[in-house]
Each structure stands twice: as structure tokens, then as C-alpha cells.
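A.B. asks: Take a look at this one; I'll ask things after.
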Amino acid sequence: EAQVTQNPRYLITVTGKKLTVTCSQNMNHEYMSWYRQDPGLGLRQIYYSMNVEVTDKGDVPEGYKVSRKEKRNFPLILESPSPNQTSLYFCASSAPGTAAREQYFGPGTRLTVT
Amino acid sequence: AQRVTQPEKLLSVFKGAPVELKCNYSYSGSPELFWYVQYSRQRLQLLLRHISRESIKGFTADLNKGETSFHLKKPFAQEEDSAMYYCAPRFGNEKLTFGTGTRLTIIP
Chain A
99 EAQVTQNPRY LITVTGKKLT VTCSQNMNHE YMSWYRQDPG LGLRQIYYSM
149 NVEVTDKGDV PEGYKVSRKE KRNFPLILES PSPNQTSLYF CASSAPGTAA
199 REQYFGPGTR LTVT
Chain B
2 AQRVTQPEKL LSVFKGAPVE LKCNYSYSGS PELFWYVQYS RQRLQLLLRH
52 ISRESIKGFT ADLNKGETSF HLKKPFAQEE DSAMYYCAPR FGNEKLTFGT
102 GTRLTIIP
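Going down the list, the sequences are from chains A and B.
Going letter by letter, the first sequence gives residues 99 to 212 in the working numbering.
Going letter by letter, the second sequence gives residues 2 to 109 in the working numbering.
Here's what the structure looks like:
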């Protein structure tokens with residue numbers, strides 16, 4: 099089954115404790131992206147990757163890091179989480195090159211930083 | 002600057018009544034336009050794309066270049082339409098831009 103998976107689905111942590119949220123897709127998609135969803139603010143892009151070893155900042159990259167060492171994986175790293183990073187995070191992937199490019203989303207990771 | 006606006010955060014409509022979720026954008030070129038939907042406890046998914054001129058679950062969306070709008074419409078609302086809807090244009094590159102979303106509630 100074609101899908102995007104994220105782990106963990108729920109995470110409660112404390113300020114300053116490094117964490118990683120994993121994202122994996124099995125559709126051989128080149129494009130992957132991370133978003134955060136906050137009430138009243140909608141979906142905002144954190145980072146995206148056009149291909150392996152190619153990453154770029156989205157709209158709200160501060161406090162986050164990413165890496166793209168393999169095509170299928172795109173982990174999101176919070177080196178020193180803070181309470182304002184409490185949010186619902188979504189990973190997405192899509193295939194490039196056609197006008198009808200659909201983004202496939204993961205199930206979301208709900209992060210709480212205390 | 003390129004931007005997308007969904008002016009209604011919340012919209013409540015009676016079952017059977019028409020639905021219109023508004024989306025406006027500012028962009029001098031021709032964007033690709035999409036509507037995404039998130040049902041309760043489900044992941045975000047593509048609802049429709051303007052280039053296909055399709056009707057999905059009774060919803061349609063017409064690109065109005067003069068008004069720079071891409072409103073989502075359905076003539077008769079159903080209870081299962083209750084969800085969060087995001088307008089998402091792509092302004093000339095790979096990056097989708099999501100609006101702030103409209104939470105649609107269908108009143109039985």
C-alpha cells in the first residue's frame with residue numbers, strides 16, 4: 099500500500115530535550131516536506147526536499163533541522179525543543195514533473211513540549 | 002507578494018443547503034490550484050485540482066482569474082462533508098502554499 103508513515107504519532111517531551119520525528123514514504127517520491135498545523139494559522143511549511151541531499155527552508159524553519167540521506171526518509175529534528183513548538187506535524191511527499199502533482203500526507207505527529 | 006486567503010475560519014451550513022468555501026489568491030501568473038480536505042481523525046488528502054475540472058463528492062471549484070479566486074462549491078451539503086478544507090495554490094514552483102483553512106460544519 100502506497101503511504102507516508104510518521105513516528106511517533108504522539109510525543110510529550112520537555113524543553114531542551116532533543117527529539118527526532120521520522121517520516122518515510124514507499125512511493126519513490128522525490129519531493130518531501132514537513133508542515134506544522136496550528137489553530138487559526140493553518141498549515142505552514144517548515145522544510146522541504148526536492149531530492150536526496152537537497153533540502154530548503156520553508157516558511158517557519160527556525161528551531162528545526164532536516165536531513166535527506168535516502169529518498170524514502172525525511173526526518174525532522176528538534177535540537178532543543180521549546181513550548182512554542184507544541185503543534186501537530188505532518189510529513190508529505192509528492193512526485194514531480196506533472197501538473198497534477200498530489201501531495202500525500204502522513205497521519206500526523208502530535209508534539210507537546212512542556 | 003504571493004499569498005492565499007481563506008476569509009472564513011468557520012462555516013456552518015444546514016444539510017441540503019448550498020455550500021461555498023471561499024479562496025482568494027494574489028499572484029500575477031497562473032497558479033496551479035488545489036483543494037485539500039481533512040476529515041475528523043483522518044489525514045489530509047487531496048480533494049480536487051483545478052486543472053482536472055473534476056467534480057469530487059459533489060464539489061466543484063472554478064478558477065476565476067479576473068477575481069483571482071478558486072471557491073469550492075457544492076449545491077447540496079451532506080453531513081459527511083463536515084471537515085477542514087484548505088485551499089492550496091502552487092505559485093510557479095514545487096512548493097504548495099496552504100491557506101489557513103475553513104472548518105465546515107453541516108447542521109443536520
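Just so it is clear, CB atoms sit at the ideal spot from N, CA and C, and this is done for glycine as well.
Within the 8 Å Cβ cut-off, does residue 46 of chain B reach chain A?
C.D. replies: Judged by the 8 Å Cβ criterion, residue 46 of chain B is in contact with chain A.
A.B. asks: Below 8 Å on C-beta distance, what does residue 87 of chain B contact in chain A?
C.D. replies: What residue 87 of chain B touches in chain A: 140 and 141.
A.B. asks: Do residue 101 of chain B and residue 43 of chain B have their C-beta atoms within less than 8 Å of each other?
C.D. replies: No. Outside cutoff.
A.B. asks: Can you confirm whether residue 10 of chain B, when its beta carbon is compared against all beta carbons of chain A, has any partner nearer than 8 Å?
C.D. replies: So, interface residue.
A.B. asks: In chain A, which residues lie less than 7 Å from residue 99 of chain B when you measure between Cβ atoms?
C.D. replies: Those are 140 and 141, listed as they occur along chain A.
A.B. asks: Determine the direct distance from the alpha carbon of residue 132 of chain A to that of residue 34 of chain B, and round the result to whole angstroms.
C.D. replies: In a straight line, the C-alpha of residue 34 of chain B is about 20 Å away from that of residue 132 of chain A.
A.B. asks: To the nearest angstrom, how far is the alpha carbon of residue 149 of chain A from that of residue 75 of chain B?
C.D. replies: C-alpha separation (whole angstroms): 38 Å.
A.B. asks: The segment 179 to 206 of chain A: which residues have C-beta closer than 7 Å to a C-beta of chain B, in chain order?
C.D. replies: Within the segment 179 to 206 of chain A, the qualifying residues are 188, 194, 197, 198, 200, 201, 203, 204, 205 and 206.
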